[in-house]
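Step one of this worksheet: look at the structure below.
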Amino acid sequence: MNTLIVAPLLVPLATFVLTLLCRRAPRMAGALSLLGALALTGVGIGLVALADQGQIFATQAGGWAAPYGISLVIDRLSAAMVAITGIVGVATIVFSMARDADAARGADFHPLVHGLLVGVCGAFITGDVFNLYVWFEVLLVGSFALLVLGGGKRRVSGTVVYVALNLVATMMFLLAAGMLYGATGSLNMALLAEQFAQGQVPPTAQPAVVLMLTAFAIKAALFPVFGWLPASYHVAWTPVSALFAGLLTKVGVYALIRIVTLTAPEPGLVHDILLWVACATMLIGVLGATAQMEVRRILSFHIVSQVGYMVLGLALATPLALAGAVFYLIHHIVVKANLFLIGGIAAHLSGSERLAAMGGLYARAPWLALLFAIPALSLAGIPPLSGFWAKFLLVKASLDATAWIAAAVALATGIFTLLSMSKIWNEAFLKPQAAGTTTAQHGAGLRPAVLATASLGVLTVAIGLGAGPVMDYAVAAAEQLAAPASYIQAVIAAGGG
Amino acid sequence: MEVLVSITVGLLVAIGIWMLLDGSLLRVVIGIVVLGNGVNLAVFASGRLGARAAAFITDAGAPPLAADPLPQALVLTAIVIGFALFVFALAVLKRSWEAHDTVEADRISAVAEEAATDTMPDAPAGRDTAAERGT
Chain A
503 MNTLIVAPLL
513 VPLATFVLTL
523 LCRRAPRMAG
533 ALSLLGALAL
543 TGVGIGLVAL
553 ADQGQIFATQ
563 AGGWAAPYGI
573 SLVIDRLSAA
583 MVAITGIVGV
593 ATIVFSMARD
603 ADAARGADFH
613 PLVHGLLVGV
623 CGAFITGDVF
633 NLYVWFEVLL
643 VGSFALLVLG
653 GGKRRVSGTV
663 VYVALNLVAT
673 MMFLLAAGML
683 YGATGSLNMA
693 LLAEQFAQGQ
703 VPPTAQPAVV
713 LMLTAFAIKA
723 ALFPVFGWLP
733 ASYHVAWTPV
743 SALFAGLLTK
753 VGVYALIRIV
763 TLTAPEPGLV
773 HDILLWVACA
783 TMLIGVLGAT
793 AQMEVRRILS
803 FHIVSQVGYM
813 VLGLALATPL
823 ALAGAVFYLI
833 HHIVVKANLF
843 LIGGIAAHLS
853 GSERLAAMGG
863 LYARAPWLAL
873 LFAIPALSLA
883 GIPPLSGFWA
893 KFLLVKASLD
903 ATAWIAAAVA
913 LATGIFTLLS
923 MSKIWNEAFL
933 KPQAAGTTTA
943 QHGAGLRPAV
953 LATASLGVLT
963 VAIGLGAGPV
973 MDYAVAAAEQ
983 LAAPASYIQA
993 VIAAGGG
Chain B
22 MEVLVSITVG
32 LLVAIGIWML
42 LDGSLLRVVI
52 GIVVLGNGVN
62 LAVFASGRLG
72 ARAAAFITDA
82 GAPPLAADPL
92 PQALVLTAIV
102 IGFALFVFAL
112 AVLKRSWEAH
122 DTVEADRISA
132 VAEEAATDTM
142 PDAPAGRDTA
152 AERGT
């Protein structure tokens, strides 16, 4: 049991070391990397099956009892996040085996990806605030190096922005963790939650919580602190930006969900502010996308907009809204990573990712048009794809909570999203490619890329058509989040030894 | 003691943020370090500073007036991580200087906003060039 709980850390860590040792054997490193990601997916699915029994599993690192040992906790949400992390990891690694001439391809890619995955999985399963900070740093270091991989003016420029703003956010988080310890004498999430639930917290803890939530808001790219994301994601190598698009902001969202549900179980001021922030994020993100004329830059702004939906679910704080947020997380990670990958294939085939220079892909590669249509329509929330159910849950929850404005913004954002997607569709797929711009490239060597994107597309359709079980799972996960008592009890009962 | 440390933390954070807002990337990187050290000091101070004894537990039990060891452990971790990130930031700064030939933050960040360069028409699509070079 305990082995399975720490497996999300051990598997990518072992893969990291092995791929690092195989630097001189690229094929071997690629195979090991894929194997590691598949194993992580397997572990994730195992954890989902385990967590779906309804119990919360916890273990203490080093065998020290709760406040002294570092708690690792698996509930339904963290299990699902680990599984989906594994799936995105597999898709990214398979895609990276397609043959393009990007300078980022090389021996460093695979170890860095698994280094990043260690941090992401660690953040999902930890039950300790300072430990969460450490995992944030681990994933940050991996993401810094991955972003700049391949070099060149544009990538270095994007990395400068990304590094500076993320370091500031991480420092805010560290300061908040220190202040929280100073005020409460504990950093264990379960013990903190217990103190907050019983109202024993000194008033000095409140600024610490606010500072921490601000740091997570930067990580999750919420309005008004999302500027770093559209300034950096589009410069990376396609698989790297897909990995970032799928996972990184969602770690911030996950941390927000975790900390808000544990420290503010009753709706209050925090939720009111989050509601407005969520609405502004949805709208500003989608409006920002309309001004962009490159595939990945459009998609980057849509990440911002979509994060707003998840935070909307958190802000409403009803069990249905939280279920919507969880469902949205699962749906969004798959769809967003897939869109970035497909954008990469489209850019490869047209020789450019500027919409002006693209075109004619519907005639040349109808299969790609289909692959694009699935996640694009899902992102906009067209039934019966996964995005429809995610948006449906959130809009219904807003209406139930009489948050009319939020419901209206959520629906309007869906329409604008469809508008953006049809812009990409018209420019890249329907319009004939202008002669003499760039030479279109052939699709040779793209088989792994197609395999990766098609699998994610099938997953999107499967989540959409088989929404029942996923929704049951999301509702059950939300019930666990809404009642922190079982979380607290599981961690404290885990004890030492 | 706490008052003195609080003022120092405030000063370091103020200087750090002021330097972060500077137009020169070099000052931004140094600002991150100063800010980081201010934060580290604040984390250290969260364990209270009045203690007289090291937190070694002997057979006689914990000494009276022992320091709180947890923030010390936290701050050690944070210093090590912060140092690694500072080194990475310096490496990015060097690369950025080589690539852009300037340390002006605005001009550097504007490069990422430029239109994407199109891939070379003659780039071999079907061949894995980097793997052949063995990089």
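So the protein sequences, as listed, match chains A and B.
Quick note: to get the working numbering, add 502 to the position in the first sequence (first position is 1).
Quick note: to get the working numbering, add 21 to the position in the second sequence (first position is 1).
C-beta: ideal position from N, C-alpha, C; glycine also.
As the structure is a prediction and not an experimental result, all values here were calculated from the model.
Range of the contiguous beta strand (DSSP E) that encloses residue i
i	result
residue 576 of chain A	573-576
residue 559 of chain A	559-562
Cα-Cα separation, residue i to residue j
i	j	result
residue 97 of chain B	residue 798 of chain A	40 Å
residue 25 of chain B	residue 62 of chain B	11 Å
residue 91 of chain B	residue 22 of chain B	19 Å
residue 577 of chain A	residue 550 of chain A	9 Å
residue 595 of chain A	residue 555 of chain A	31 Å
residue 608 of chain A	residue 520 of chain A	15 Å
residue 629 of chain A	residue 986 of chain A	12 Å
residue 802 of chain A	residue 779 of chain A	18 Å
residue 114 of chain B	residue 46 of chain B	7 Å
residue 518 of chain A	residue 772 of chain A	39 Å
residue 120 of chain B	residue 102 of chain B	27 Å
residue 150 of chain B	residue 947 of chain A	Low per-residue confidence applies at residue 150 of chain B: pLDDT is 37, beneath 50, and the placement is therefore not dependable, though the value from the model is reported in the following sentence. When rounded, the distance between both Cα atoms is 12 Å.
residue 837 of chain A	residue 755 of chain A	16 Å
residue 587 of chain A	residue 510 of chain A	10 Å
residue 747 of chain A	residue 622 of chain A	13 Å
residue 761 of chain A	residue 925 of chain A	38 Å
residue 697 of chain A	residue 764 of chain A	10 Å
residue 582 of chain A	residue 729 of chain A	29 Å
Element boundaries [alpha helix (DSSP H), containing residue i]
i	result
residue 736 of chain A	Premise fails: residue 736 of chain A is in no alpha helix (DSSP H) and is neither H nor E.
residue 824 of chain A	821-852
residue 811 of chain A	797-818
residue 116 of chain B	90-121
residue 990 of chain A	986-996
residue 718 of chain A	707-722
residue 611 of chain A	611-627
residue 866 of chain A	863-866
residue 683 of chain A	655-686
residue 780 of chain A	771-792
residue 700 of chain A	Here residue 700 of chain A belongs to no alpha helix (DSSP H), and DSSP marks it neither H nor E.
residue 127 of chain B	126-134
residue 38 of chain B	23-41
residue 727 of chain A	Here residue 727 of chain A belongs to no alpha helix (DSSP H), and DSSP marks it neither H nor E.
residue 900 of chain A	888-902
residue 45 of chain B	Unbroken run through residue 45 of chain B: none, as it is neither H nor E.
Environment of residue i [buried if 16+ CB atoms lie within 10 Å]
i	result
residue 505 of chain A	exposed
residue 143 of chain B	With a pLDDT of 39 at residue 143 of chain B, under the threshold of 50, the predicted position of this residue should be treated as unreliable, though the coordinate-derived value follows. With fewer than 16 other Cβ atoms within 10 Å, it is exposed.
residue 970 of chain A	exposed
residue 982 of chain A	buried
residue 570 of chain A	exposed
residue 127 of chain B	exposed
residue 104 of chain B	exposed
residue 792 of chain A	exposed
residue 863 of chain A	buried
residue 122 of chain B	exposed
residue 604 of chain A	buried
residue 53 of chain B	buried
residue 840 of chain A	buried
residue 907 of chain A	exposed
residue 28 of chain B	exposed
residue 927 of chain A	buried
residue 147 of chain B	Per-residue confidence for residue 147 of chain B stands at a pLDDT of 37, beneath the threshold of 50, marking its modelled position as unreliable; the derived number appears in the next sentence. By the 10 Å Cβ count, residue 147 of chain B comes out exposed.
residue 155 of chain B	Confidence is the limiting factor: at residue 155 of chain B the pLDDT is only 38, short of 50, which leaves the residue's position unreliable and the question unanswerable from this model.
residue 39 of chain B	exposed
residue 637 of chain A	buried
7 Å Cβ cutoff met for residue i and residue j
i	j	result
residue 651 of chain A	residue 606 of chain A	yes
residue 644 of chain A	residue 618 of chain A	yes
residue 563 of chain A	residue 631 of chain A	no
residue 1019 of chain A	residue 835 of chain A	Any answer about residue 1019 of chain A is impossible in this case: the structure gives chain A only from 503 up to 999.
residue 809 of chain A	residue 685 of chain A	no
residue 710 of chain A	residue 681 of chain A	yes
residue 861 of chain A	residue 794 of chain A	no
residue 672 of chain A	residue 725 of chain A	no
Cβ distance (whole Å) where residue i is taken to contact residue j below 8 Å
i	j	result
residue 599 of chain A	residue 546 of chain A	Not a contact, Cβ separation roughly 22 Å.
residue 74 of chain B	residue 66 of chain B	Not confirmed; about 18 Å, so no contact.
residue 979 of chain A	residue 813 of chain A	The pair is not a contact, with the Cβ atoms about 17 Å apart (cut-off 8 Å).
residue 847 of chain A	residue 955 of chain A	7 Å
Chain E contact for residue i (CB, 7 Å cutoff)
i	result
residue 53 of chain B	Absent here is chain E; the protein component of the structure consists of chains A and B.
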